[in-house]
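J.: Going left to right, the sequence shown walks through residues 1 to 133 as our numbering numbers them. In this text, a Cβ means the ideal position worked out from N, Cα and C, and glycines have one as well.
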Amino acid sequence: MEELFTILKNKNMRVRELDKWGAYLRNQWENQFVGHLSNEERYKIFLYDDRWSCGYLWHVFSYKRRKCLEGASAEQSFDLEPKGACYIFYQHSEYALLVEDARFLRASDLLNEEDVYVVDREFNWTFVNTHES
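1. Using 8 angstroms as the threshold, is the region 3-14 in touch with the region 94-114, meaning 3 or more CB pairs across them?
2. Check whether the region 78-89 touches the region 60-68, counting contact only when three or more Cβ pairs, one atom from each stretch, lie closer than 8 angstroms.
3. Thinking just about the alpha-carbon of each residue, which of 31, 64, 113 is nearest to the one in residue 124?
4. Taking all protein chains shown into account, decide if residue 126 is buried (16 or more other Cβ within 10 angstroms of its Cβ) or exposed.
5. In this structure, how does DSSP classify residue 117 when only helix, strand and coil are distinguished?
6. Taking 9 angstroms as the threshold (beta carbon to beta carbon), is residue 61 in contact with chain C?
7. Any idea which residues DSSP pairs residue 96 with across the strands?
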């Protein structure tokens with residue numbers, strides 16, 4: 001997590017650490033990208049669960065409940081997305097970052113990060129790097 005902060009700073013991006021913002025950002029992300037699912041549907045895809053899959057917001061994509069790009073096409077689309085300010089946060093952490101000018105942020109910057117979410121400040125688009133292939 002702190003390694004990502006260093007990577008971004010080394011690319012001359014303006015980055016701020018946001019302590020204890022993780023839950024808030026996960027909630028906002030869920031409202032925007034999972035709001036169309038009922039509680040029963042959320043349960044079926046192990047969205048926030050302590051059973052077998054530990055609960056991951058990105059299950060909305062892996063269970064095909066929302067359209068998305070995957071793999072190289074997702075990475076390429078992310079790299080080409082005009083980025084202003086964005087948030088970076090994690091599934092299982094309160095640690096978060098605000099990147100005030102993310103135009104140089106690339107998917108390759110997130111290679112060593114697992115279950116990390118990137119979202120523009122208005123929650124219009126998202127990019128997720130999971131622990132699964």
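T.: Looking at the coordinates:
1. In short, these stretches touch, since the Cβ pair count reaches three.
2. By the C-beta criterion, the region 78-89 is judged not to be in contact with the region 60-68, since fewer than 3 inter-stretch pairs fall below 8 angstroms.
3. Looking at 31, 64, 113, the one whose alpha-carbon comes closest to that of residue 124 is 31.
4. Residue 126 comes out buried.
5. Reduced to three states, the DSSP call for residue 117 is strand.
6. Although the question refers to chain C, the structure presented lacks it and comprises just one protein chain.
7. The partner list for residue 96 (beta bridge, DSSP) reads 89.
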